[in-house]
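J.: Before anything else, here's the structure in question.
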Amino acid sequence: MNKKSAVAFAAAGAALSLGLSACGGGGGSETKPADGSSGAPAAAEAFNAGLEAVFNPSDKKGGVLKMAISEDWDSVDPGDTYYALSWNLIRIYGRSLVTYTPAPGAEGRKLSPDLAESLGESSDDGKTWTYKLRAGLKFEDGTPITSKDVKYAVLRSMDKETLVNGPTYFNDWLDLPKDFKSVYKTPDVNTDSAIETPDDQTIVFHLKKAYGGFDNFAALPGTIPVPKDKDTGVKYREHVVASGPYKFDKVEAGKQYTLVRNEHWDPATDPIRKALPDSYEISLGVNADDLDNRIISGDLHIDLAGSGVQPAALGRVLGDPTLKARADNPTGARTWYTSIISDVAPLDNVDCRRAVIFAADRVGLQNAYGGEFAGGDIATGLMPPSIGGWKKLDLYPTGTGDVEKAKEALTACGKPDGFETTMAYRADRPKEKATAESLQQALAKAGIKLTLKGYPTGDYFALYAGKPDFVKKNGIGLATNGWGADWNDGFGFMSQIVDSRTIRESGGNYNLSIKDKEIDAKIDQVFQETDVAKRDALWGEIDQRVMEQAYVLPSVWSKGVLVRPQGATNVFVTGAFDMYDYLNLGVQ
4 MNKKSAVAFA AAGAALSLGL SACGGGGGSE TKPADGSSGA PAAAEAFNAG
54 LEAVFNPSDK KGGVLKMAIS EDWDSVDPGD TYYALSWNLI RIYGRSLVTY
104 TPAPGAEGRK LSPDLAESLG ESSDDGKTWT YKLRAGLKFE DGTPITSKDV
154 KYAVLRSMDK ETLVNGPTYF NDWLDLPKDF KSVYKTPDVN TDSAIETPDD
204 QTIVFHLKKA YGGFDNFAAL PGTIPVPKDK DTGVKYREHV VASGPYKFDK
254 VEAGKQYTLV RNEHWDPATD PIRKALPDSY EISLGVNADD LDNRIISGDL
304 HIDLAGSGVQ PAALGRVLGD PTLKARADNP TGARTWYTSI ISDVAPLDNV
354 DCRRAVIFAA DRVGLQNAYG GEFAGGDIAT GLMPPSIGGW KKLDLYPTGT
404 GDVEKAKEAL TACGKPDGFE TTMAYRADRP KEKATAESLQ QALAKAGIKL
454 TLKGYPTGDY FALYAGKPDF VKKNGIGLAT NGWGADWNDG FGFMSQIVDS
504 RTIRESGGNY NLSIKDKEID AKIDQVFQET DVAKRDALWG EIDQRVMEQA
554 YVLPSVWSKG VLVRPQGATN VFVTGAFDMY DYLNLGVQ
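Under my numbering, the first residue of the sequence shown is numbered 4, with each subsequent residue one higher.
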């Protein structure tokens, strides 16, 4: 995702049989939320106090939780979003079949039943997955939530021309009829071959091939129910119908979201949510540096982006013992990198792409993200070390660049005097702007001239860097990017960003630069491999191929410095998203 989490796996089932250790092969026990009253450890104020324990635990209700972000994200629509911050936030107003356990650290990577009574029950050698919904579930208007609402939600999320953002796991794995296009274009096509709803509480998913980790799919926001008669397509984001404890009271895209209590949410149906604040106020378009200052001063509770303070505030936080005691420094299953667009000339030549990597000042890129402590370790490949199959790659220099090797590569690609191209970045993100500026300066030494263009975060993948015709028309050769694991294995991290078959002309792509038949073939090998070690090794080979062909320039394997909010309760870093867990925060 611009994402996400790390989840431990075990071998199960046939074909691609990756089963969550928390799943036990289908079915599962309920997990109570983590807080001081339920036995979870409570943390005293100190550096990294929120990594493995709950800071300031409380069950007190009331107050307004204040959040802010420098710019709007892709969408609040659960079927049209792929930002980690969104998947974290969405759980306060939407309930998926399964969700991540609200607990500190690695416990937060485990899955718990949400709308469903238990984790999925597998049959047909891992090709069929069944879930039973809890009784008494209701939407914000009081109408019952049924399995048909979940089915409709999943099917609508698959229309990547209308809802361009989000993963394509359901598109790729469900056994859909050939004449089904979307709920909007072919609403009368029978889709029972993919999803059955034999009664209002039962939903059955049928896959084209076995997958033992299907509970990961059930945790996707796409399973958050949507009432068909309230669906307005891309405009549904203007009023998402809540299934969780909060509902939207005010929606001003780009300015503000306000959420208030959903009176039809029944806590008896929901063992994981506390629903403590009376309301949430989310301010958009706040300058990133000002946002940091307001959190430090106590004017705001949460930076919704969740990626840590900007460089301007970093020295202040780490240099002041009092502020440092309020900070957490999580390491995530995330890589910050720059896509080198392989079908924009002259970067359609591998040696021109290699010239970019040789010329890059890797220390400068690390500093752009905050240095070793706050930005992360210099990345030598696309996969971070926490992903199964990772291996250290040493194909390029990791220092301040090698201009001579860059010039040799330029000569090899027929551009001995260099070339010009455009680099895209997310305009509201100072770290990405600093990345672009670092590359502009470093590449110029080898004769590569970059024109920098900033684009809004909310549409970055839908309309700009992730839309192939826009990229080609505007000659975008480089584009800053970042990716976190949807779950912690090669499939959960790599599949959406290296498989060329996920690329859509309509936009909303997260694979911006990798179109390689050899990589696609290796991914198909993964799906046939039942041995975990061999499967992991294949992902390592894919990572090596990505770097050998210079499809990306990795910057850092991510770290960030988060500042714990004053006046907030139940604060901890979740291993699901490697940021503060937004589900059960309260106001003191």
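Even for Gly, the Cβ is constructed at its ideal location relative to N, Cα and C.
Going by beta carbon distance, what residues of the same chain come within less than 7 angstroms of Val237, once the five residues before and after it are set aside?
T.: If you number the sequence shown from 1, residue 237 lands on position 234. Counting only Cβ-Cβ distances below 7 angstroms, and skipping sequence neighbours, we find Thr165, Leu166.
J.: Go ahead and pull the three-state DSSP assignment for Asn370.
T.: The residue labelled residue 370 in the question sits at position 367 within the sequence shown. Helix, per DSSP.
J.: If you draw a straight line from the C-alpha of Asp38 to the C-alpha of Ile299, how long is it?
T.: For the purposes of this step, residue 38 is taken as residue 35 along the sequence shown, with counting starting at 1. For the purposes of this step, residue 299 is taken as residue 296 along the sequence shown, with counting starting at 1. Because Asp38 carries a pLDDT of 39, less than 50, the predicted location of this residue cannot be relied on, and the following value inherits that uncertainty. Between Asp38 and Ile299, the C-alpha separation is close to 24 angstroms.
J.: Between the C-alpha atoms of Val254 and Ser286, what's the straight-line distance to the nearest angstrom?
T.: Position 251 of the sequence shown, counted from the first residue, corresponds to residue 254. Position 283 of the sequence shown, counted from the first residue, corresponds to residue 286. Cα-Cα distance, rounded: 11 angstroms.
J.: Taking only the alpha-carbon atoms, compute the straight-line gap between Tyr428 and Asp127 and give it to the nearest angstrom.
T.: Reading the sequence shown from its first residue, position 425 is the one you call residue 428. Reading the sequence shown from its first residue, position 124 is the one you call residue 127. Tyr428 and Asp127: Cα-Cα distance of roughly 46 angstroms.
J.: Keeping to the same chain, check which residues put their C-beta closer than 6 angstroms to that of Val263; ignore five residues upstream and five downstream.
T.: Mapped onto the sequence shown, residue 263 falls at position 260. Excluding residues within five positions, the ones whose Cβ falls inside 6 angstroms are Asp252, Ser282.
J.: Output needed for Asp182: all residues of its chain with C-beta closer than 6 angstroms, excluding positions within five of it in sequence on either side, in chain order.
T.: For this step, residue 182 is matched to residue 179 along the sequence shown. Closer than 6 angstroms at the Cβ level, and outside the excluded window around Asp182, lie Val192.
J.: State the Cα-Cα distance for the pair Pro274 and Asn168, rounded to the nearest angstrom.
T.: Residue mapping note: residue 274 aligns to position 271 of the sequence shown, counting from 1. Residue mapping note: residue 168 aligns to position 165 of the sequence shown, counting from 1. Taking the straight line joining both Cα atoms gives about 30 angstroms.
J.: Run the CB neighbour count on Leu398, radius 10 Å, all protein chains shown included, and call it buried at 16 or more, exposed below.
T.: As a position in the sequence shown, residue 398 is number 395, starting the count at 1. With fewer than 16 Cβ atoms within 10 Å of its Cβ, Leu398 is classed as exposed.
J.: Quick one: is Pro44 buried, meaning 16 or more other Cβ sit within 10 Å of its Cβ, or exposed?
T.: Sequence index remark: in the sequence shown, residue 44 carries index 41 (1-based). The residue is exposed, with fewer than 16 neighbouring Cβ atoms inside 10 Å.
J.: Can you list, in chain order, the residues of its chain with a C-beta nearer than 7 angstroms to that of Glu241? Leave out the 5 residues immediately preceding and following it.
T.: Here residue 241 corresponds to residue number 238 of the sequence shown, with the count starting at 1. Correct list, in chain order: Val254.
J.: Kindly indicate which residue of Glu411, Ala465, Asp83 has the alpha-carbon position closest to the one of Ile239.
T.: What you label residue 239 is simply residue 236 of the sequence shown in a count that begins at 1. One point to set straight first is that residue 239 is Tyr, not Ile, in the sequence displayed. It is Asp83 whose Cα lies nearest to the Cα of Tyr239.
J.: Would you mind working out which of Arg432, Arg357, Lys394 sits nearest Asp292, comparing C-alpha positions?
T.: Residue mapping note: residue 292 aligns to position 289 of the sequence shown, counting from 1. Closest option to Asp292, Cα to Cα, is Arg432.
J.: Given a cut-off of 7 angstroms, decide if Ala445 and Ala362 are closer than it, judged by their beta-carbon atoms.
T.: Locating residue 362 in the sequence shown gives position 359, counting from the first residue. Locating residue 445 in the sequence shown gives position 442, counting from the first residue. Yes, the Cβ-Cβ distance between Ala362 and Ala445 is below 7 angstroms.
J.: Compare the Cα-Cα distances from Lys154 to each of Thr533, Ser196, Val312 and report the closest residue.
T.: Residue mapping note: residue 154 aligns to position 151 of the sequence shown, counting from 1. Measuring from the Cα of Lys154, the nearest candidate turns out to be Ser196.
J.: Hey, Gly111 and Ala579 are a contact pair by Cβ (cut 8 angstroms); roughly how many whole angstroms apart?
T.: For the purposes of this step, residue 111 is identified with residue 108 of the sequence shown, where counting begins at 1. For the purposes of this step, residue 579 is identified with residue 576 of the sequence shown, where counting begins at 1. Confirmed, Cβ separation roughly 5 angstroms.
J.: Can the beta-carbon of Val564 be found closer than 7 angstroms to that of Ala308?
T.: Stepping through the sequence shown from its first residue, residue 564 is reached at position 561. Stepping through the sequence shown from its first residue, residue 308 is reached at position 305. Result no, Cβ atoms of Val564 and Ala308 do not sit closer than 7 angstroms.
J.: So does the stretch 382 to 392 actually touch the stretch 473 to 485, counting three or more Cβ pairs closer than 8 angstroms?
T.: No contact exists between the stretch 382 to 392 and the stretch 473 to 485.
J.: Helix, strand or coil for Ser246 per DSSP?
T.: To locate residue 246, count along the sequence shown from 1; it is residue 243. Reduced to three states, the DSSP call for Ser246 is coil.
J.: If the criterion is Cβ atoms closer than 7 angstroms, does the pair Tyr372 and Val566 meet it?
T.: Counting from one through the sequence shown, the residue named residue 372 turns up at place 369. Counting from one through the sequence shown, the residue named residue 566 turns up at place 563. No, these two residues do not count as a Cβ contact at 7 angstroms.
J.: When we look at the beta-carbon of Val67 and count the other beta-carbons within 10 Å, is it buried (16 or more) or exposed?
T.: Here residue 67 refers to the residue found at position 64 of the sequence shown. When all chains shown are included, Val67 counts as exposed.
J.: Give me the Cβ distance between Arg538 and Ile522, rounded to the nearest whole Å; I'm assuming they're in contact under 8 angstroms.
T.: Here residue 538 refers to the residue found at position 535 of the sequence shown. Here residue 522 refers to the residue found at position 519 of the sequence shown. The pair is not a contact, with the Cβ atoms about 15 angstroms apart (cut-off 8 angstroms).
J.: Using only alpha-carbon positions, find the residue among Leu442, Asp581, Phe575 that is nearest to Ser61.
T.: For the purposes of this step, residue 61 is identified with residue 58 of the sequence shown, where counting begins at 1. Considering only alpha carbons, the answer is Phe575.
J.: Which one of Gly53, Ala46, Met4 has the shortest CA to CA distance from Ala330?
T.: For this step, residue 330 is matched to residue 327 along the sequence shown. That would be Gly53, whose Cα lies nearest to the Cα of Ala330.
J.: Is there contact here, the stretch 311 to 319 with the stretch 334 to 349, by at least three beta-carbon pairs under 8 angstroms?
T.: Judged by Cβ distances under 8 angstroms, the stretch 311 to 319 makes no contact with the stretch 334 to 349, as fewer than three pairs qualify.
J.: Please confirm whether His267 and Glu143 have their CB atoms less than 7 angstroms apart.
T.: Sequence index remark: in the sequence shown, residue 267 carries index 264 (1-based). Sequence index remark: in the sequence shown, residue 143 carries index 140 (1-based). Result yes, Cβ atoms of His267 and Glu143 sit closer than 7 angstroms.
J.: Please determine, among Pro147, Thr226, Ile206, Ala56, the residue with the shortest C-alpha to C-alpha distance to Thr102.
T.: By 1-based counting over the sequence shown, the position of residue 102 is 99. For the residues Pro147, Thr226, Ile206, Ala56, the minimum Cα distance to Thr102 belongs to Thr226.
J.: Do you know offhand how far Ala47's Cα is from Phe58's?
T.: Position 44 of the sequence shown, counted from the first residue, corresponds to residue 47. Position 55 of the sequence shown, counted from the first residue, corresponds to residue 58. Going by the C-alpha atoms only, they are around 7 angstroms apart.
J.: Below 8 angstroms on the Cβ atoms is my contact criterion, and I expect Ser150 with Leu136 to pass it. Report the Cβ-Cβ distance as a whole number of Å.
T.: Locating residue 150 in the sequence shown gives position 147, where the first residue counts as 1. Locating residue 136 in the sequence shown gives position 133, where the first residue counts as 1. Confirmed, Cβ separation roughly 6 angstroms.
J.: Starting from Ser150, trace the alpha helix (DSSP H) in both directions and tell me its first and last residue.
T.: Translated into the one-based positions of the sequence shown, residue 150 becomes position 147. Counting along the chain, the alpha helix (DSSP H) containing Ser150 begins and ends at 150 to 160.
J.: Taking Asn51 as the reference, which of Ser516, Tyr583, Ser246 has the closest Cα?
T.: For the purposes of this step, residue 51 is taken as residue 48 along the sequence shown, with counting starting at 1. Looking at the Cα atoms, Tyr583 is the closest of the given residues.
J.: Where does Glu435 land, buried or exposed, given buried means 16+ other C-beta within 10 angstroms?
T.: The residue given as residue 435 occupies position 432 in the sequence shown. Burial call: buried.
J.: So, for Gly16: in the same chain, excluding its five sequence neighbours on each side, which residues have a beta-carbon less than 6 angstroms away from its beta-carbon?
T.: The residue given as residue 16 occupies position 13 in the sequence shown. Its pLDDT being 32, under 50, Gly16 is placed unreliably by the model, and nothing is read from it.
J.: Do Leu350 and Ile343 have their C-beta atoms closer together than 7 angstroms?
T.: Reading the sequence shown from its first residue, position 347 is the one you call residue 350. Reading the sequence shown from its first residue, position 340 is the one you call residue 343. Yes; because the gap between Cβ atoms is below 7 angstroms, this pair is in contact.
J.: Hey, could you find the ends of the alpha helix (DSSP H) Gly129 is sitting in?
T.: Numbered from 1 along the sequence shown, position 126 holds the residue referred to as residue 129. Unbroken run through Gly129: none, as it is neither H nor E.
J.: For Gly27 and Met4, what's the separation of their Cα atoms in angstroms?
T.: In the sequence shown, counting from the first residue as 1, residue 27 sits at position 24. In the sequence shown, counting from the first residue as 1, residue 4 sits at position 1. Bear in mind that the predicted position of Gly27 carries a pLDDT of just 29, short of 50, making it too unreliable to give a figure here.
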